[in-house]
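Notes follow the structure.
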Amino acid sequence: MLALLDGNNFYVSCERVFRPSLEGRPVLVLSNNDGCAISRSNEAKALGVKMGQPFHEFRHLEESAGLISLSANFSLYGDMSERMMSLAAGLGPTQEIYSIDECFVDLDGVRGDLTIRAHAIRARIQRWIGIPTCIGLAPTKTLAKLANHVAKDAERKPGSYPARHAQVCHLGALPQAEVDPLLAATGVGEVWGVGPRIGAQLREAGVTTALQLARLDPALVRRRWSVVLERTVRELQGTPCIDLDAAPAPKREIACTRSFGRPVRELSQLIEAISAFCARAAEKLRRQGSLAGCVQVFAHTSPFRPGPRWAKSLVVPLRRPTGDTARLTQAAVMGLKLIYEPGYDLAKAGVMLLDLCDGRIQQGELGLEDEWGRDRGPLMGAVDAINMRWGKSTIRQGSTGTARTRPDWAMRQARRTPRYTTDWRQVPVARA
DNA sequence: TCTGGGGTCCTAGGACCC
DNA sequence: TCTGGGGTCCTAGGACCC
579 MLALLDGNNF
589 YVSCERVFRP
599 SLEGRPVLVL
609 SNNDGCAISR
619 SNEAKALGVK
629 MGQPFHEFRH
639 LEESAGLISL
649 SANFSLYGDM
659 SERMMSLAAG
669 LGPTQEIYSI
679 DECFVDLDGV
689 RGDLTIRAHA
699 IRARIQRWIG
709 IPTCIGLAPT
719 KTLAKLANHV
729 AKDAERKPGS
739 YPARHAQVCH
749 LGALPQAEVD
759 PLLAATGVGE
769 VWGVGPRIGA
779 QLREAGVTTA
789 LQLARLDPAL
799 VRRRWSVVLE
809 RTVRELQGTP
819 CIDLDAAPAP
829 KREIACTRSF
839 GRPVRELSQL
849 IEAISAFCAR
859 AAEKLRRQGS
869 LAGCVQVFAH
879 TSPFRPGPRW
889 AKSLVVPLRR
899 PTGDTARLTQ
909 AAVMGLKLIY
919 EPGYDLAKAG
929 VMLLDLCDGR
939 IQQGELGLED
949 EWGRDRGPLM
959 GAVDAINMRW
969 GKSTIRQGST
979 GTARTRPDWA
989 MRQARRTPRY
999 TTDWRQVPVA
1009 RA
């Protein structure tokens, strides 16, 4: 049996722990640049604010309905998440932390009444951390997600499901004759793995509820849709197809991207931004002990605004995999200079580290050395430690890309082939 | 005026090889 | 006039998740 535990309206709940006066009021947490809603209290949901909705569309509710909008504080949420997860781990022997606000727990071998146990863990998280949670229990991940959805709505929207399922819903403890009506009361779009696209196709085919989806023939679903949806159907039928992943593999790609608060036109501003993104991404890279083989850089205009559209990206392979901020930044800035065209209002840019490999094998011999073969591993380690202790960006990389222009031959070479390898040893590097 | 950020998995189709 | 077949690798794009 599996449990899915998640924090209700997680970011809003974190804010409320430290500002109890927000309790009972419509509260929102906004994304970067206060762009759009990323967490809503029940009261804010009742006002009709949608997930991901742009702020300017509902700003008037601050005046008219007492809506409170907060800028996101992600380090706070990360901290609260760690505490919540360590208590949630008490549910059973194996835990998979699935996202900042939810985890799966395998309850195999756990004795006693699982519903009572789940209620006890919920109460403990509420009491010790102050975060309200809901728990779904079922034999597969997809059903556990669905049970969790039932637990939430039974509490939040009285009448949607029987009230006894509020907060904790244990589908595995119910006879099929009681499970079916719950599935029948759940829209097909609520099922984990069914997004807007597939949801619309299913409804068009007359499949509108989770129960109808569960009763489709898996082979037909595979033919008409995909193996992914076939797995979803089987999981709804009670056959586990998606394993619990207790020790997630290191990330295969690492990104740092941002929308700009106001449009960016100048190359110099863009270089500043890209350099900062590289430093952040490289930090994440080193934290998981990896090296990157390529750097991808991109920028584009706003898809929402009128005016000329522009979007470009470029993958810059590195001569050797590296975790060194300076090298990664050099590569990204050079890529940026190659794709940059003046005259566009750019809304967003970013950096992605690709072709990641395990750095522990290669450290010292590859990667964290500078152009003269000196080992920069300790330097990067010290930079990370200082930023960890004193807050991010206490110490940061100067953007080496602005210090020297690259030799013309390299630029010409690079323009001929979009993917190219740069021999950084031939490139002069500015000294700090 | 104002529209998030960071991931994963799967598939189709082309290039290439024997 | 008649012009193979199958395997593998890579990439781009689509769909999904929170």
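Start counting at 1 in the first sequence, then tack on 578, and there's your number in this note's numbering. The beta-carbon is built from N, C-alpha and C at its ideal position, and this holds for glycine as well. In this text, all values refer to a predicted model and were calculated from it rather than measured experimentally.
Inclusion of A851 and A910 in the CB contact set at 8 angstroms is not warranted, their separation being larger than that value. Excluding sequence positions up to five before and after W888, its CB lies within less than 7 angstroms of the CB of H878, T879, E919 and Y922, all in the same chain and listed in chain order. Segment contact: the segment 850 to 867 against the segment 902 to 917, three or more CB-CB distances shorter than 8 angstroms; contact assigned. By the criterion of a C-beta distance shorter than 7 angstroms, D933 is surrounded in its chain by A870, G871 and C872, once the five residues flanking it on both sides are discounted. Taking 8 angstroms as the cut-off, the beta carbon of L916 is found no closer than this to the beta carbon of L848. Take the alpha-carbon of T817 and the one of L724: they are about 15 angstroms apart. With at least 16 other beta carbons inside 10 angstroms of its own, F876 counts as buried. Listed in chain order, the beta strand (DSSP E) elements of length 3 or more contained wholly in the segment 661 to 710 are 672 to 677 and 680 to 684.
Per DSSP, reduced to three states, the secondary structure at L606 is strand. The C-beta distance from G714 to A581 rounds to 7 angstroms, short enough to fall under 8 angstroms. With contacts defined as CB atoms closer than 8 angstroms, I709 and I703 qualify as a contacting pair.
Cβ atoms of L625 and T720 stay farther apart than 8 angstroms, at about 31 angstroms.
For R836, DSSP records a beta bridge to A927. A direct Cα-Cα distance of roughly 20 angstroms separates E831 from G656. In the structure shown, V873 adopts extended strand secondary structure according to DSSP, grouped into three states.
Given a length threshold of 3 residues, each whole run of the beta strand (DSSP E) inside the segment 774 to 843 is given here in chain order: 832 to 842. Closest by C-alpha distance to P826, out of V757, T672, G901 and P717, is T672. DSSP places P886 outside both helix and strand once states are collapsed to three, so it counts as coil. Three or more Cβ pairs closer than 8 angstroms define a contact, and the segment 649 to 666 meets that threshold against the segment 604 to 618.
Closest in C-alpha terms to A783, from the list T835, W803 and G585, comes W803. When beta bridges are read from the DSSP output, V894 appears opposite V873. For M662, the number of other beta carbons within 10 angstroms of its own is at least 16, and it is reported as buried. Counting only runs that start and end inside the segment 606 to 640, the alpha helix (DSSP H) elements of at least 4 residues fall at 620 to 624. With a cutoff of 8 angstroms on beta-carbon distance, L665 and I707 are scored as near each other. Pairing A716 with A722 gives a Cβ-Cβ distance under 8 angstroms. At a Cβ-Cβ threshold of 8 angstroms, L780 and V766 count as neighbours.
Nearest Cα to H727 within the set W770, G690, L692 and T718: W770. As DSSP reads the structure, S647 sits in a beta bridge with L606. Just so you know, the alpha carbons of L692 and T903 end up roughly 48 angstroms apart. Take the alpha-carbon of Y739 and the one of V746: they are about 12 angstroms apart. Here the alpha carbons of L645 and G937 stand approximately 48 angstroms from one another.
The distance from the Cβ of E680 to that of L822 is about 13 angstroms, inconsistent with a contact at the 8 angstroms cut-off. In the structure shown, the three-state DSSP call for V595 is helix.
Annotated three-state conformation of A716 is strand, per DSSP.
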